[in-house]
Amino acid sequence: STLVTIPIEEPLDPSPSSTVVTTLDATTTATIAEIQAVDPVSFPRILLANSIDTDADQLTDEEESIFKTNPDVWDTDTDGYNDGLEITNLYNPGGFAPVRLIDSGLVSEYVSPVWQYRVYYPQTWQVGTVDTEGRQVLMSTLSGDFVEVRVFDRIPSESFQNWFARTIEGEAFQDIQVFTNRFDVSVSLRKDGLVAYVLAPQQVMVLIYHPGITGAVPYRHVMRMMIESFRPTANTIDIPTQQVLPTPPLATSTVSSS
């Protein structure tokens, strides 16, 4: 199976409708219970800058720490794929055995006991359920950044566009693009990759990245990993074995004598 990369568009001048009413207050506490829940739902501003990526491998330096990759080397395991691309495709960037990210010990899988959705998250992050119905789950870093998973009801047979217009305020539907994730699940993704919507028969699951106090986004690629792994219910799709890219020949070997 060939690794693929799905670009995230970042328009230079978002329209006023692309910006949002509010952003959650940042928290620097280590206890997820101390993160204040916000209802109704709140969205981050669009087009926040990424944190530093020293080796230009599509992982920020903070993400390199999470995935135990070398922040100065773009391809830690020298398999021909940059570290960020491997994370996006749910492979372990640090070695060939185990290959799949879920088998690496770097991430865990959260399964909602109420709604049965499944999502990978970094093992070093904290997870907490805000409400007794499990409609709001927070996956948090110590820095104040966290990903919120919200579950909303949807009228059976209601289209996503109608649900969006009825439910979501301060967001523009034209900022949404649709793609299929690694588990063959259709995802409606905001252009900057910080908000994702997944439809279930009678619900919509929404993943929202809330940045901390810096204004930058240190875990945008972690968010993408979570979106790529998200399933509204169990399915039988398996991540295939990773193909090793051939080593490019040396330039001197391509010169022939006549």
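Numbered by our numbering, the letters in the sequence shown go through residues 2 to 259 in order. Backbone N, C-alpha and C define an ideal beta-carbon position, used for all residues, glycine too.
Exercise for the section: Would you check if the region 164-180 and the region 140-152 touch, i.e. whether three or more CB-CB distances between them fall below 8 Å? Expected result: Flag = no, the region 140-152 and the region 164-180 do not touch.
Handout entry: Span separating the alpha-carbon of Gln204 from that of Pro45
Key = Computed Cα separation, rounded: 22 Å.
Exercise for the section: Excluding the 5 residues preceding and the 5 following Trp1 in the sequence, name in chain order all residues of the same chain whose CB lies nearer than 7 Å to its CB. Expected result: This structure leaves residue 1 out entirely; the chain is present only between 2 and 259.
Exercise for the section: Give the secondary structure of Gln203 by DSSP, where H, G and I count as helix, E and B as strand, and everything else as coil. Expected result: In the three-state DSSP reduction, Gln203 falls in the coil class, being neither helix nor strand.
Problem - Whether Tyr122 touches Val128 by CB criterion (8 Å) - result: Taking C-beta atoms as the reference points, Tyr122 and Val128 count as a pair closer than 8 Å.
Practice task
Just the C-alpha distance for Pro212 and Val120, rounded to the nearest angstrom, thanks.
Solution key: Cα-Cα distance, rounded: 19 Å.
Exercise for the section: Report buried or exposed for Ala235, applying the criterion of at least 16 other Cβ atoms within 10 angstroms of its Cβ. Expected result: Exposed: under 16 other Cβ atoms inside 10 Å.
Problem - Terminal residues of the alpha helix (DSSP H) in which Glu63 lies - result: Run containing Glu63: 62-68, per the alpha helix (DSSP H) assignment.
Problem - Simplified DSSP state of Ser160, which is helix, strand or coil - result: Of the three classes helix, strand and coil, the one that applies to Ser160 here is coil, per DSSP.
Practice task
Would you kindly work out how many angstroms separate the C-alpha atoms of Tyr118 and Phe231, rounded to a whole number?
Solution key: Approximately 7 Å between the Cα atoms of the pair.
Exercise for the section: Name, in chain order, the residues that DSSP records as bridge partners for Glu110. Expected result: Partner(s): Tyr121.
Practice task
Check whether the Cβ atoms of Gln178 and Leu190 sit closer than 8 Å, and answer yes or no.
Solution key: The answer is yes: Cβ separation under 8 Å.
Problem - Span separating the alpha-carbon of Ile240 from that of Ile103 - result: Approximately 10 Å between the Cα atoms of the pair.
Exercise for the section: Look at Leu107 and Glu229 and say whether their C-beta atoms are less than 8 Å apart. Expected result: The criterion of a C-beta distance shorter than 8 Å is not satisfied by Leu107 and Glu229.
Handout entry: Proximal residues to Val188 (C-beta, below 8 Å), its chain only, five neighbours per side dropped
Key = The answer, listed in chain order, is Val179, Phe180, Thr181, Asn182, Ala197, Tyr198, Val199, Ile228, Phe231.
Practice task
Per DSSP, which residues does Met140 bridge with? Please list them.
Solution key: DSSP lists Val128, Val148 as partners of Met140.
Practice task
Check whether the Cβ atoms of Arg136 and Val42 lie closer than 8 Å to each other.
Solution key: Contact flag unset, no.
Problem - Distance between Gln175 and Val223 (C-alpha atoms, nearest Å) - result: Looking at the two C-alpha atoms, the distance is approximately 24 Å.
Handout entry: Pro219 vs Thr89 beta-carbon contact at 8 Å
Key = No; because the gap between Cβ atoms is not below 8 Å, this pair is not in contact.
Practice task
Answer with buried or exposed for Pro1, where buried requires no fewer than 16 other C-beta atoms within 10 angstroms of its C-beta.
Solution key: Examination of residue 1 is not possible in this model, given that the chain is present from 2 through 259 alone.
Practice task
Rounded to whole angstroms, what's the CA-CA distance from Val115 to Glu134? Just pull it up for me.
Solution key: Roughly 7 Å separates the two Cα atoms.
Exercise for the section: Look at the Cβ atom of Leu208, then the Cβ atom of Val148, and state whether they are nearer than 8 Å. Expected result: In contact: Leu208 and Val148 (Cβ atoms closer than 8 Å).
Handout entry: Between the CA atoms of Arg155 and Ala217 - distance to the nearest angstrom
Key = Spanning the two alpha carbons is a distance of roughly 33 Å.
Handout entry: For Pro233 and Ile214, the rounded distance between their alpha carbons
Key = Between the alpha carbons of Ile214 and Pro233 lies a distance of about 31 Å.
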